[in-house]
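>
Residue numbers (my numbering), protein chains in the order written: chain A, 32 to 489; chain B, 32 to 489.
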């Protein structure tokens with residue numbers, strides 16, 4: 032009977048710290064029996080998390096001690112860099128045993144990020160038929176539906192009835208994992224619909240399959256982008272869907288668990304990109320992380336230098352009125368913050384297809400007005416602060432005016448820049464932040480120092 | 032037979048602009064037949080998107096013209112504020128028709144965000160049994176598994192065999208939506224496992240149900256947080272799972288489509304919170320959006336004023352060396368950016384339970400070293416820029432030193448602050464950004480201007 036995994040997780044499904052402690056202890060002591068016993072209590076996905084969270088030396092020792100008992104189901108759940116590390120360390124026979132137990136899409140997942148020679152080694156452990164089918168999947172473009180689908184699925188002729196379907200299924204040995212629908216195909220193996228198993232079971236034997244096909248049916252093509260596939264799964268609440276080749280022939284099936292992974296990865300990616308972080312994970316090496324973040328910091332430096340060049344033009348003004356130097360970060364910071372708010376909403380809405388041609392103008396107007404309203408409100412507040420602080424009405428007026436202008440521009444650029452990037456086929460999550468900050472910094476410093484110059488030096 | 036929805040969407044599933052145009056045209060012309068014809072070609076989720084993307088006047092006219100044909104399945108797919116607007120506008124009889132067609136969890140979804148009197152009105156349209164079951168669900172806490180589950184599911188005694196199960200299912204009229212497993216219960220109606228329909232169909236009649244129960248089985252309690260439920264669905268690749276009350280009795284079932292919605296909402300929330308945006312959507316009214324963003328801008332203003340107070344302490348230094356005012360934003364900006372990188376990785380990793388007690392120290396060390404490495408690299412670059420720009424070795428040295436210190440502190444605070452907030456039971460996505468920026472701003476200005484003071488004024 033099934034065990035509940037929550038036993039070794041705390042109330043919110045984090046791995047129990049004491050449990051991890053015991054596992055590491057058994058590794059330390061070289062106690063193989065204890066280790067196997069403890070790991071058996073964990074779900075393969077939790078073992079993968081555990082392996083990701085411990086250090087590389089502990090990981091190597093654990094894998095070695097685990098030995099023959101190694102659970103192959105752990106491999107598809109690991110981060111790419113850890114997969115590579117573990118595959119490197121597994122002896123050839125254990126690797127070949129592990130790969131034998133995986134489904135086609137899992138093998139693809141496993142080998143697609145390996146070095147070519149290591150990839151060859153894994154493929155060599157497969158028999159000819161399996162190797163051919165994995166190699167076929169590997170030929171589909173990266174991030175395509177073809178790479179995501181499994182080739183194990185159940186298809187039945189569309190002209191069959193329920194009785195024929197049930198008899199066929201009951202006589203068939205070995206049904207695939209994640210099997211919740213039968214696909215209906217025409218004589219050219221093109222999918223024409225799918226029937227949920229529940230519907231199949233509760234219908235009379237003489238009922239035609241096509242009359243109980245699901246209303247929500249979508250097909251994907253092998254070279255379609257995984258992100259779009261995952262979006263359709265979410266939007267139409269799909270559980271599984273057929274994938275077809277250029278001729279429309281059924282090649283495989285994508286299931287919801289794969290789609291959920293893609294959605295999750297994509298959400299992480301967007302969040303990371305907005306903050307100037309690439310595709311990194313906690314288990315990456317320090318030097319790789321530092322290198323990864325470098326280009327974003329360079330982009331930020333370029334923006335900051337541009338802002339400094341603007342400030343430099345007003346050196347004489349600042350020398351005359353030092354208060355300007357004291358207050359100028361407030362203007363730029365409020366602009367940057369308001370701009371980030373707009374652009375984040377825009378980037379997310381573009382990703383979820385909520386921001387489209389139909390409502391772009393409405394949203395642009397909205398963000399501009401929001402920028403103006405909050406600009407006016409904060410211009411009053413910040414103007415007040417300036418007045419109290421320096422007791423100068425002129426300085427306060429300059430500050431207030433600069434805040435309105437900057438926050439209005441922040442709203443406009445925060446929405447326009449992601450939309451324009453999207454039209455230019457650049458991922459708005461990737462570049463919006465740098466562009467918007469550049470605009471708000473330059474506008475902020477220019478407005479504040481420029482007005483300061485006009486008021487105090489002319 | 033099923034239609035494919037992709038027909039009226041472009042290659043990446045955005046609603047086709049021309050198609051929306053035709054719909055709005057038919058609304059404009061008051062052509063009810065054309066409107067119904069066009070809407071029939073759209074999936075209910077796409078109609079919901081369409082309603083969200085058009086303006087409020089167009090929306091009201093469309094709903095009115097759609098009239099009797101109104102598809103109730105659209106309601107659960109809408110954003111809360113639009114649901115409210117549409118429910119307000121539907122005549123009582125049409126509303127009652129619509130609600131009759133929905134499942135229990137959908138009705139809950141529909142009414143939970145309505146004003147109390149409007150909620151009462153919708154509940155009044157239900158018959159007594161349905162009303163009691165919806166009210167029971169509404170009694171569970173907000174964001175709990177109880178609110179998420181549906182009360183329609185199939186349970187069978189754990190001691191039955193496959194034959195008994197199949198006969199029961201085939202004799203039963205009306206099986207629930209999203210039905211892919213039968214739940215096994217003991218004599219006290221406590222779930223003890225679940226059997227996938229595929230497994231049921233392909234097993235011999237005399238096989239015991241408990242011997243083919245799924246390995247991956249998790250139960251949730253009615254008051255468990257939806258986020259944790261969704262996490263478990265993703266982590267363990269679940270399709271459906273039982274929800275139990277305090278006594279462990281089966282009360283309902285959560286299905287993967289609900290879990291996907293929660294995951295999606297949560298990803299949006301984290302992204303929004305990091306950028307200082309609350310739970311807003313594109314269809315919110317301007318004044319609501321402005322109000323929502325206000326508190327975050329206030330927090331940012333407080334940070335900016337703190338930074339200004341630091342700068343003010345060095346007014347004399349700036350007056351003497353204006354170059355310091357020109358260059359100081361570079362230091363603060365690099366620190367802010369590096370800090371944002373660290374904290375975003377941390378917030379995301381905490382949300383996905385990848386950052387836990389087991390690896391916190393390793394990750395803190397990692398972020399500190401990354402901060403130091405990139406700090407050293409950029410100190411050289413920025414020091415070089417300062418030297419070329421102003422030709423002063425002293426200024427360049429001050430700049431370089433300030434950059435190292437600030438970027439190191441950015442790395443440390445970027446990882447420590449989210450971890451500490453999480454321990455203090457504060458959502459790290461909510462507050463990390465403000466705290467980290469405060470640290471990097473103050474450290475940046477203090478280090479740069481302080482060193483400047485020491486080098487140039489003493």
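Even glycine gets a Cβ: it sits at the ideal position worked out from N, Cα and C. Keep in mind that this is a model prediction, so the values were computed, not measured.
How would you list, in chain order, the residues of chain B whose beta-carbon sits under 8 Å from the beta-carbon of residue 92 of chain A?
The residue given as residue 92 of chain A occupies position 61 in the first chain. Near residue 92 of chain A there are no residues of chain B at all, since even the closest Cβ is about 16 Å away, more than 8 Å.
> Just mark residue 488 of chain A as buried or exposed, buried being the case when its beta carbon has 16 or more other beta carbons within 10 Å.
As a working note, residue 488 of chain A is residue 457 in the first chain. Exposed: under 16 other Cβ atoms inside 10 Å.
> Tell me the rounded alpha-carbon separation between residue 119 of chain A and residue 367 of chain B.
Position 88 of the first chain, counting from 1, holds the residue named residue 119 of chain A. Position 336 of the second chain, counting from 1, holds the residue named residue 367 of chain B. Residue 119 of chain A and residue 367 of chain B: Cα-Cα distance of roughly 39 Å.
> Please compile the residues from chain A whose C-beta is within a distance smaller than 7 Å of the C-beta of residue 499 of chain B.
In the structure displayed, chain B extends from 32 to 489; residue 499 of chain B sits before or after that span and is not available.
> Should residue 326 of chain A be labelled buried (16 or more other beta-carbon atoms within 10 Å of its own) or exposed?
The residue given as residue 326 of chain A occupies position 295 in the first chain. By the 10 Å Cβ count, residue 326 of chain A comes out exposed.
> Buried or exposed: which applies to residue 331 of chain A, given that a residue is buried once 16 or more other Cβ atoms fall within 10 Å of its Cβ?
Position 300 of the first chain, counted from the start, is the residue given in the question as residue 331 of chain A. Its Cβ being crowded by 16 or more others within 10 Å, residue 331 of chain A is buried.
> What residues of chain A sit near residue 137 of chain B, judged by a beta carbon separation below 7 Å?
Residue mapping note: residue 137 of chain B aligns to position 106 of the second chain, counting from 1. Within chain A, no residue comes near residue 137 of chain B; the closest Cβ sits about 12 Å away, beyond 7 Å.
> Can you check which of these residues, B:160, B:53 and B:461, is closest to residue 70 of chain B by C-alpha distance?
The residue labelled residue 70 of chain B in the question sits at position 39 within the second chain. When only C-alpha atoms are compared, the closest one is B:53.
> Report all residues from its chain with a CB closer than 7 Å to the CB of residue 288 of chain B; omit the five preceding and five following residues, and keep chain order.
Mapped onto the second chain, residue 288 of chain B falls at position 257. Within the same chain, residue 288 of chain B has close Cβ partners 209.
> Does any CB atom of chain B fall closer than 8 Å to the CB of residue 76 of chain A?
Locating residue 76 of chain A in the first chain gives position 45, where the first residue counts as 1. By this cut-off, residue 76 of chain A is an interface position.
> Under 8 Å Cβ to Cβ from residue 378 of chain A, same chain only, skipping five residues before and after it: list those, please.
If you number the first chain from 1, residue 378 of chain A lands on position 347. Correct list, in chain order: 301, 305, 449, 459, 460 and 463.
> Which residues, taken in chain order from the segment 415 to 434 of chain A, show a beta carbon closer than 7 Å to some beta carbon of chain B?
416
> Give a yes or no on whether the C-beta atoms belonging to residue 410 of chain B and residue 353 of chain A are separated by under 8 Å.
For this step, residue 410 of chain B is matched to residue 379 along the second chain. For this step, residue 353 of chain A is matched to residue 322 along the first chain. No. Outside cutoff.
> Would you tell me roughly how many angstroms separate the C-alpha atoms of residue 264 of chain A and residue 286 of chain B, rounded to the nearest one?
Start at 1 with the first residue of the first chain, and residue 264 of chain A comes out as number 233. Start at 1 with the first residue of the second chain, and residue 286 of chain B comes out as number 255. Computed Cα separation, rounded: 14 Å.
> Does the beta carbon of residue 36 of chain B come closer than 8 Å to any beta carbon on chain A?
Residue mapping note: residue 36 of chain B aligns to position 5 of the second chain, counting from 1. Only weak support is given to the placement of residue 36 of chain B: the predicted model assigns it a pLDDT of 48, under 50, and the value that follows is read from those uncertain coordinates. Residue 36 of chain B has a beta carbon lying within less than 8 Å of a beta carbon in chain A.
> Would you give the residue range spanned by the alpha helix (DSSP H) that residue 291 of chain A belongs to?
Residue numbering aside, residue 291 of chain A sits at position 260 when the first chain is read from its first letter. Start and end: 287 to 305.
> Does any residue of chain A have a CB that is nearer than 8 Å to the CB of residue 192 of chain B?
The residue you call residue 192 of chain B lines up with position 161 of the second chain. Not an interface residue.
> For residue 8 of chain B, which residues does DSSP report across the bridge?
Residue 8 of chain B lies beyond the residue range present for chain B, which begins at 32 and ends at 489; the question has no answer from this structure.
> List the residues of chain B that residue 457 of chain A touches, going by C-beta distances under 9 Å, in chain order.
Locating residue 457 of chain A in the first chain gives position 426, where the first residue counts as 1. Those within 9 Å of residue 457 of chain A in chain B number zero; the least Cβ separation is about 15 Å.
> Please confirm whether residue 221 of chain B and residue 309 of chain B have their CB atoms less than 8 Å apart.
To locate residue 221 of chain B, count along the second chain from 1; it is residue 190. To locate residue 309 of chain B, count along the second chain from 1; it is residue 278. It is not a contact, given that the beta carbons lie outside the stated cut-off.
> Compare the C-alpha of residue 142 of chain B against each of B:358, B:153, B:128 and B:370 and name the closest.
Locating residue 142 of chain B in the second chain gives position 111, where the first residue counts as 1. For residue 142 of chain B, the nearest C-alpha among the options comes from B:153.
> Hey, residue 225 of chain A and residue 251 of chain A: beta-carbon distance below 8 Å or not?
Position 194 of the first chain, counted from the first residue, corresponds to residue 225 of chain A. Position 220 of the first chain, counted from the first residue, corresponds to residue 251 of chain A. The answer is no: Cβ separation not under 8 Å.
> Taking only runs of the beta strand (DSSP E) that begin and end inside the segment 107 to 189 of chain A, which ones reach a length of at least 3 residues, in chain order?
186 to 188
> Do three or more CB pairs link the segment 115 to 131 of chain A to the segment 147 to 166 of chain A at distances below 8 Å?
yes
> Hey, out of A:203, A:170 and A:191, whose CA is closest to residue 184 of chain A's CA?
In the first chain, residue 184 of chain A corresponds to position 153, counting from 1. Selected option, being the one with the closest Cα: A:203.
> Taking 8 Å as the CB-CB limit, is residue 267 of chain A close to chain B?
On the first chain, position 236 is the one that residue 267 of chain A refers to. Interface annotation, residue 267 of chain A: in contact with chain B, CB-CB separation under 8 Å.
> Using 8 Å as the limit for Cβ to Cβ distance, is residue 390 of chain A near chain B?
Here residue 390 of chain A is taken as the residue at index 359 of the first chain, counted from 1. So yes, residue 390 of chain A belongs to the interface.
> Answer with yes or no whether the minimum CB distance from residue 471 of chain B to chain A is below 8 Å.
Against the second chain, residue 471 of chain B aligns to sequence position 440. Not one chain A Cβ lies under 8 Å of residue 471 of chain B.
> Check the Cβ-Cβ distances between residue 485 of chain A and every residue of chain B, and say whether any is below 8 Å.
The count along the first chain starts at 1 and reaches residue 485 of chain A at position 454. It does not; no Cβ of chain B falls within 8 Å.
> Could you name the residues of chain E that residue 335 of chain A contacts, counting a contact when the two beta carbons are closer than 7 Å?
The structure shown contains no chain E; the protein chains it does contain are A and B.
> Which of the residues in the segment 222 to 244 of chain A, read from start to end, lie with their CB under 9 Å from any CB of chain B?
Residues passing the 9 Å Cβ filter: 223, 224, 225, 227, 228, 229, 230, 231, 232, 233, 234, 235, 241, 242 and 244.
> Output, in chain order, the set of chain A residues within a Cβ distance shorter than 7 Å of residue 140 of chain B.
Taking the second chain and counting its residues from 1, one reaches residue 140 of chain B at position 109. Chain A residues near residue 140 of chain B: none, gap ~13 Å exceeds 7 Å.
> Do the segment 258 to 273 of chain A and the segment 289 to 297 of chain A touch if we need at least three Cβ pairs shorter than 8 Å?
The segment 258 to 273 of chain A, when compared against the segment 289 to 297 of chain A, does touch it at the 8 Å Cβ threshold.
> Which of the three DSSP states is assigned to residue 394 of chain B in this structure?
Within the second chain, the letter at position 363 stands for residue 394 of chain B. Looking at residue 394 of chain B - three-state DSSP - the assignment turns out to be helix.
> For residue 416 of chain A, count the other beta carbons within 10 Å of its own beta carbon; 16 or more makes it buried, fewer makes it exposed. Which is it?
Taking the first chain and counting its residues from 1, one reaches residue 416 of chain A at position 385. Its Cβ being crowded by 16 or more others within 10 Å, residue 416 of chain A is buried.
> Show which residues of chain A have a CB atom less than 7 Å away from the CB atom of residue 173 of chain B.
Locating residue 173 of chain B in the second chain gives position 142, counting from the first residue. The contacting residues do not exist; residue 173 of chain B stays about 17 Å from chain A at best.
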